[in-house]
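K.L.:
Please see the structure below; I have some questions.
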């Protein structure tokens with residue numbers, strides 16, 4: 002008898018188990034390669050409540066892989082998977098790489114997915130300029146999330162040094178030079194040693210749109226009206242900026258800064274680490290820096306420890322002889338997720354839309370963005386986040402809780418709820434109130450050069466030689482490794498043309514007019 | 078200890094050891110600097126040449142940042158599996174191959190040499206290799222990391238050289254006694270070649286231990302991540318610091334973290350080396366013959 | 010002939026596994042290397058992509074920097090080989106000759122460690138030594154009344170830095186293999202030489218050096234085969250625009266080209282080109298080695 006019961010029970014288990022397995026078979030498997038928020042923290046745990054909800058409510062079995070930490074490593078992984086035609090179903094990817102693999106036919110058109118996720122489309126994909134970033138011939142090949150912030154960089158200066166030397170923040174280029182000189186020569190940190198510089202930078206240049214001295218010098222080029230690679234003011238004026246006579250004046254200005262030794266001599270080396278270590282160690286007093294890299298607590302604290310009375314404040318970029326100024330070029334930014342052509346072919350489009358739509362719903366937004374309400378955070382009536390009564394080690398911002406919000410960059414839209422909690426105000430060592438968002442807002446209101454079109458220009462086939470020739474000549478002019486006069490400048494321009502500069506301009510112009518970004 | 082017999086010998090020893098001392102100094106100075114950097118609190122970085130830092134301000138924050146990472150032990154274990162597994166596979170293939178290549182009378186030897194040299198000279202690049210590995214269905218499998226570099230052509234040729242140096246009479250004598258080639262390989266060649274086997278084994282081990290690129294490409298699951306990938310992810314994430322919103326994992330300077338990551342990877346290999354050195358006894362081959 | 014093959018059958022059995030491994034993991038990629046001659050499209054796969062002949066090679070050859078790249082690559086690579094290899098041999102011999110056993114072990118272990126430093130870390134070390142405003146070396150120069158030198162940013166100095174830093178990093182590691190070779194020399198030879206009254210240096214010259222010549226030649230030839238690999242990681246993390254003219258090498262050029270475009274065929278084409286040069290060098294130097302010494306690679 003007992004045996005029979007055991008057998009019956011066993012049989013029941015088997016049947017239930019089989020049914021369970023049957024139900025499981027209906028789940029859609031989705032491989033997602035996500036750009037993790039804190040990659041080194043690792044995946045969400047297997048028992049993360051999000052997996053459960055996605056399985057039960059959406060019928061999706063989510064396989065999550067976090068892409069590596071650096072853009073280069075991410076590109077490598079994506080491009081290699083693309084070359085083997087083994088891209089995951091959904092993946093985060095930068096725009097340049099997206100365009101390349103889309104042209105190879107590996108990425109699905111996603112226009113058809115938008116009606117299937119009305120809420121997300123309304124909140125996330127509502128910006129026509131961002132949409133252009135992912136379009137080829139009017140069709141969308143990626144989903145441009147608004148998570149990336151724009152105008153995040155600008156000129157900042159050591160206010161404590163200005164005060165010590167009794168100087169005012171520079172407004173014009175001449176004042177900029179004078180202050181840089183004083184910072185170099187008048188011992189602004191008062192340590193009795195001649196060990197400071199006026200301006201610090203590094204060579205930050207990857208694609209064609211940041212060729213030349215790199216982005217850190219845009220604030221100086223901008224004073225001459227030639228920030229960035231292109232003049233995108235109008236179709237009539239469209240050309241490479243280096244053809245502008247003011248461009249040579251900008252190069253001459255940078256050369257003067259180099260000759261008079263007011264620049265940190267490492268400016269031509271491509272080392273961001275070194276650059277950041279150096280401002281934290283008080284090597285220079287003016288730079289062009291990203292607001293979060295400068296002013297969030299995680300980054301500022303080292304500087305704060307070294308110089309409790311030091312103070313970096315944003316200033317407007319210097320104004321040049323023709324009353325121009327710019328903090329840099331404005332290119333539309335987006336965090337892009339793409340769907341592989343394979344996944345679409347396999348009929349996974351609906352499931353992908355379901356998943357993304359859920360992430361834009363209140364439930365998905367708060368769960369992926371901030372964790373579990375009442376456990377990892379609290380929410381007030383307006384939806385703002387607080388940690389009142391939350392154990393510090395359970396707050397979603399705590400180190401140990403990082404894995405549960407790895408997908409937050411897929412749901413964030415840069416609303417005030419997020420910004421307030423992402424970039425909180427804090428007190429520095431000497432009691433100053435630090436507000437990173439104030440710095441950002443300052444940059445946002447500073448002059449930038451509209452340059453969205455530059456992101457759409459395809460590099461020529463000899464882009465590498467083209468860029469090297471350009472960068473090398475400009476930097477050698479500035480370093481004095483080659484003389485800068487009418488003769489050498491004309492040679493330089495001729496060299497650019499012999500590498501096809503005119504053809505590149507022609508192709509770029511046609512493309513931009515076609516895309517409606519130039520008229 | 079050799080006995081020092083004459084003035085000439087004394088001068089020779091003096092010159093030799095002075096030379097070694099000089100080399101040691103040149104090598105140790107930057108290494109020492111890196112070690113100091115790894116224990117230097119951020120505010121002292123670059124303030125001095127860092128060769129002498131007051132031990133009272135030393136901080137092991139950079140080390141603890143790595144060692145306390147929840148995935149550290151797991152990654153360390155993965156690395157051990159890859160290294161030991163990889164070396165075993167490598168030697169299992171390289172030794173018989175090198176032995177066969179060392180037989181001067183082997184018909185088709187020229188062809189075999191070319192067969193090994195061609196892939197050594199012609200590097201087809203990333204994609205052709207990636208297609209082969211994924212074609213075998215090895216992605217997300219530790220074998221994808223261990224198998225492709227299983228035989229290093231240079232290592233194989235070097236090992237072949239050493240096998241060729243082993244006196245022929247020794248093998249002939251064994252063959253006369255009726256020993257098979259596998260027996261000769263196992264009982265004569267391998268015991269006589271311990272220094273080179275250990276050296277090549279070490280080469281393979283270090284290669285696997287340091288490798289981050291192939292794991293990055295082929296291993297998707299966080300659970301399979303070896304140590305270099307984890308260290309790199311931690312390092313690089315700190316590097317990307319404009320994106321860091323919370324004071325999560327970054328509490329040391331990038332320089333200290335880099336320096337500490339080096340010592341964390343170096344220490345296990347450093348401990349293995351003296352053990353290998355013990356087998357570098359002069360004349361071990363000849364000694365083997367006599368015994 | 011056939012009987013000879015049958016006699017050696019057991020060796021072919023030993024080769025079976027390694028040869029199959031070679032066929033899959035070394036020749037498989039080489040078969041895929043046909044994309045060097047194709048306009049590779051991932052959707053069509055390796056075999057169905059259209060042939061385009063030498064287009065990918067021409068992209069490389071027609072670079073205005075082609076000759077400069079070749080010169081830099083060979084120059085830096087040979088510099089490392091010609092300085093590094095003899096130094097490693099000398100270090101191995103010195104280690105072997107030293108009578109201070111404990112000291113010898115310490116030197117051996119320490120000199121082997123720099124091999125583990127990644128170039129990213131090495132760059133930090135180089136900055137500490139060479140940076141114009143606070144590098145150790147420039148501090149010495151300044152103390153002696155000289156002008157500081159930006160070693161890493163000056164075309165004149167950059168190649169020197171590349172070669173010396175590579176030798177510094179690898180010399181102890183490379184010496185291991187020569188030490189292993191020295192252990193294989195019959196001590197009886199040394200004893201006999203000693204009896205005949207040969208000096209230390211003579212013993213090194215006539216016993217040690219010939220004893221390891223085989224290995225030296227094998228390694229030298231193998232290194233020559235890869236002479237167009239001048240150390241991508243090293244250059245990539247240490248170079249900067251002002252020293253491109255002396256530091257840009259084939260691999261860094263290919264890398265930059267690849268970053269700007271989705272050009273896998275190009276990298277493969279360049280890999281094959283490098284192989285051709287390597288092959289020519291190995292064959293000719295192998296012949297020279299055969300003629301002037303008893304040793305050769307094959």
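Protein chains in written order, with our numbering: chain A, 2 to 520; chain B, 78 to 368; chain C, 10 to 307.
We treat Cβ as the ideally placed atom computed from N, Cα and C, and that holds for glycine.
Is the beta carbon of residue 246 of chain C less than 8 Å from the beta carbon of residue 164 of chain C?
P.N.:
No, the pair does not count as a contact, with Cβ atoms beyond the cut-off.
K.L.:
Which of the three DSSP states, helix, strand or coil, is assigned to residue 34 of chain A?
P.N.:
The answer is strand: DSSP assigns residue 34 of chain A an E or B state.
K.L.:
Taking the alpha carbon of residue 168 of chain C as the point to measure from, which residue in C:244, C:295, C:12 has its own alpha carbon closest?
P.N.:
Of the candidates C:244, C:295, C:12, the one whose C-alpha sits nearest the C-alpha of residue 168 of chain C is C:244.
K.L.:
Using DSSP bridges, identify the partner residues of residue 61 of chain A.
P.N.:
Looking at the DSSP assignment, residue 61 of chain A forms a beta bridge with A:29.
K.L.:
I'd like to check one pair, residue 197 of chain A with residue 284 of chain A: are the Cβ atoms closer than 8 Å?
P.N.:
Yes.
K.L.:
Rounding to the nearest angstrom, what Cα-Cα distance links residue 15 of chain C and residue 224 of chain C in this structure?
P.N.:
Looking at the two C-alpha atoms, the distance is approximately 31 Å.
K.L.:
Which whole-angstrom value describes the C-beta separation of residue 185 of chain C and residue 235 of chain B, a residue pair presumed to lie in contact below a C-beta threshold of 8 Å?
P.N.:
Residue 185 of chain C to residue 235 of chain B, Cβ: 11 Å. No contact.
K.L.:
Please go through the same chain and pick out, in chain order, the residues whose beta-carbon is closer than 8 Å to the beta-carbon of residue 223 of chain B, but skip the five residues on each side of it.
P.N.:
159, 162, 163, 166, 285, listed in sequence order.
K.L.:
Mind checking which residues open and close the beta strand (DSSP E) that includes residue 198 of chain A?
P.N.:
Counting along the chain, the beta strand (DSSP E) containing residue 198 of chain A begins and ends at 198-200.
K.L.:
Is the Cβ of residue 97 of chain C closer than 8 Å to any Cβ of chain B?
P.N.:
Residue 97 of chain C does not count as touching chain B.
K.L.:
Using the Cα positions of residue 266 of chain A and residue 218 of chain A, report the straight-line distance between them to the nearest angstrom.
P.N.:
Answer to the nearest angstrom: the Cα atoms are 14 Å apart.
K.L.:
Pull up the distance between the alpha-carbon of residue 181 of chain C and that of residue 105 of chain B, whole angstroms please.
P.N.:
Distance between the alpha carbons of residue 181 of chain C and residue 105 of chain B is about 12 Å.
K.L.:
Can you find a CB in chain B that lies within less than 8 Å of the CB of residue 567 of chain A?
P.N.:
Only positions 2 to 520 of chain A appear in the structure, and residue 567 of chain A is not among them; the question remains open.
K.L.:
Could you work out which residues of chain B lie near residue 377 of chain A, taking near to mean beta carbons separated by less than 8 Å?
P.N.:
The contacting residues do not exist; residue 377 of chain A stays about 13 Å from chain B at best.
K.L.:
Check whether the Cβ atoms of residue 170 of chain B and residue 26 of chain C lie closer than 8 Å to each other.
P.N.:
Yes, the Cβ-Cβ distance between residue 170 of chain B and residue 26 of chain C is below 8 Å.
K.L.:
Is DSSP giving residue 286 of chain A helix, strand or coil here?
P.N.:
Of the three classes helix, strand and coil, the one that applies to residue 286 of chain A here is strand, per DSSP.
K.L.:
Note down the Cα distance separating residue 72 of chain A from residue 86 of chain B, rounded to an integer number of angstroms.
P.N.:
Distance between the alpha carbons of residue 72 of chain A and residue 86 of chain B: 60 Å.
K.L.:
From residue 118 of chain C to residue 240 of chain C, what distance separates their C-alpha atoms?
P.N.:
Approximately 24 Å between the Cα atoms of the pair.
K.L.:
Would you please state the rounded distance, in angstroms, between the beta carbons of residue 156 of chain A and residue 46 of chain A? I believe it to be under 8 Å.
P.N.:
Actually they are not in contact, since the Cβ atoms of residue 156 of chain A and residue 46 of chain A sit about 44 Å apart, beyond 8 Å.
K.L.:
So is residue 34 of chain C in contact with chain D if we call contact Cβ pairs under 8 Å?
P.N.:
Absent here is chain D; the protein component of the structure consists of chains A, B and C.
K.L.:
Looking at C-alpha atoms only, which residue of C:294, C:36, C:271 is the closest neighbour of residue 197 of chain B?
P.N.:
Minimum Cα distance to residue 197 of chain B is reached at C:36.
K.L.:
Measuring straight from C-alpha to C-alpha, what distance separates residue 283 of chain B and residue 301 of chain B?
P.N.:
Computed Cα separation, rounded: 19 Å.
K.L.:
Using a Cβ-Cβ cutoff of 9 Å, what residues of the segment 115-130 of chain C are near chain B? List them in chain order.
P.N.:
Cβ contacts with chain B come from 115, 116, 117, 118, 119, 120, 121, 122, 123, 124, 125, 126, 127, 129, 130.
K.L.:
Would a check of beta-carbon distances place residue 107 of chain C closer than 8 Å to chain B?
P.N.:
Yes, its Cβ sits closer than 8 Å to a Cβ of chain B.
K.L.:
So, is residue 402 of chain A buried or exposed, given that buried needs 16 or more other C-beta atoms within 10 angstroms?
P.N.:
The residue in question, residue 402 of chain A, is buried, as its Cβ has 16 or more Cβ neighbours within 10 Å.
K.L.:
At the level of alpha carbons, what is the spacing between residue 472 of chain A and residue 465 of chain A?
P.N.:
Taking the straight line joining both Cα atoms gives about 11 Å.
K.L.:
DSSP on residue 136 of chain A, reduced to helix/strand/coil?
P.N.:
DSSP places residue 136 of chain A in strand when its eight states are reduced to three.
K.L.:
For residue 147 of chain B, go through chain A and note every residue whose CB falls closer than 7 Å to its CB, in chain order.
P.N.:
Ordered by position in chain A, the residues that pass the 7 Å Cβ test against residue 147 of chain B are 43.
K.L.:
If distances are taken between C-alpha atoms only, which option among C:232, C:172, C:248, C:206 comes closest to residue 162 of chain C?
P.N.:
Closest option to residue 162 of chain C, Cα to Cα, is C:248.
K.L.:
One question on the structure: do residue 54 of chain A and residue 90 of chain A come within less than 8 Å of each other, judged by their Cβ atoms?
P.N.:
Contact: no.
K.L.:
With DSSP as the reference, identify every bridge partner of residue 230 of chain A, one or two as the case may be.
P.N.:
Note: residue 230 of chain A sits in no beta bridge, so no partner.
K.L.:
So, do the segment 119-138 of chain A and the segment 265-282 of chain A have three or more beta carbon pairs nearer to each other than 8 Å?
P.N.:
Too few Cβ pairs lie closer than 8 Å, so no.
K.L.:
Is the distance from the Cβ of residue 200 of chain A to the Cβ of residue 150 of chain A below 8 Å?
P.N.:
Cβ distance not < 8 Å, so residue 200 of chain A and residue 150 of chain A don't count as in contact.
K.L.:
So residue 315 of chain A is in the beta strand (DSSP E); what residue range does that whole segment cover?
P.N.:
First-last of the beta strand (DSSP E) with residue 315 of chain A: 313-315.
K.L.:
Report the option in C:114, C:205, C:67 whose CA atom is closest to the CA atom of residue 353 of chain B.
P.N.:
Cα-wise, what sits closest to residue 353 of chain B is C:114.
K.L.:
Would you say residue 331 of chain B and residue 278 of chain A are within 8 Å of each other, going by their C-beta atoms?
P.N.:
Against a cut-off of 8 Å, the Cβ pair of residue 278 of chain A and residue 331 of chain B comes out as a contact.
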